[in-house]
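Residue numbers (my numbering): 29 to 120. Glycine included, every Cβ here is placed at the ideal spot set by N, Cα and C. From a predicted model like this one, the values you see are computed outputs, not experimental measurements. Input: a single structure, listed below in structure tokens.
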Amino acid sequence: MGGPYLEGEKALERLGDLTELICRIAEGGGTGHEDGSLLDGLLRDMGTALRERDVPQAKKLVTRMLSEILGYDQVRARFVMQNHLNKNAGWD
Numbered sequence: 029m030g031g032p033y034l035e036g037e038k039a040l041e042r043l044g045d046l047t048e049l050i051c052r053i054a055e056g057g058g059t060g061h062e063d064g065s066l067l068d069g070l071l072r073d074m075g076t077a078l079r080e081r082d083v084p085q086a087k088k089l090v091t092r093m094l095s096e097i098l099g100y101d102q103v104r105a106r107f108v109m110q111n112h113l114n115k116n117a118g119w120d
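This is the structure:
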């Protein structure tokens, strides 16, 4: 049955969805040139992590996007990422 968090393909799907949400928020907030370049680099890295099915790297990148692009502190960023992977959070 596993733990309370999604793993494998389902986790990658959820992390991809969260990445899309982060991008929409960043676009709506009007990221500056520097933030836009940073986001582009993080998105390239995220694409690689998703293609390689690297869940730990995808988690790190989502947490980094939340922190560096949206300005969340590290604790909040990690909480949001973990909450999106929680099977019991009611996302489905």
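In this chain, P32 is not harboured by any alpha helix (DSSP H), its DSSP state being neither H nor E. With a cutoff of 8 Å on beta-carbon distance, L70 and R42 are scored as not near each other. Under the three-state reduction of DSSP, N114 is assigned to strand.
Counting every other CB atom within 10 Å of its CB across the protein chains shown gives T47 a total of 16 or more, marking it as buried.
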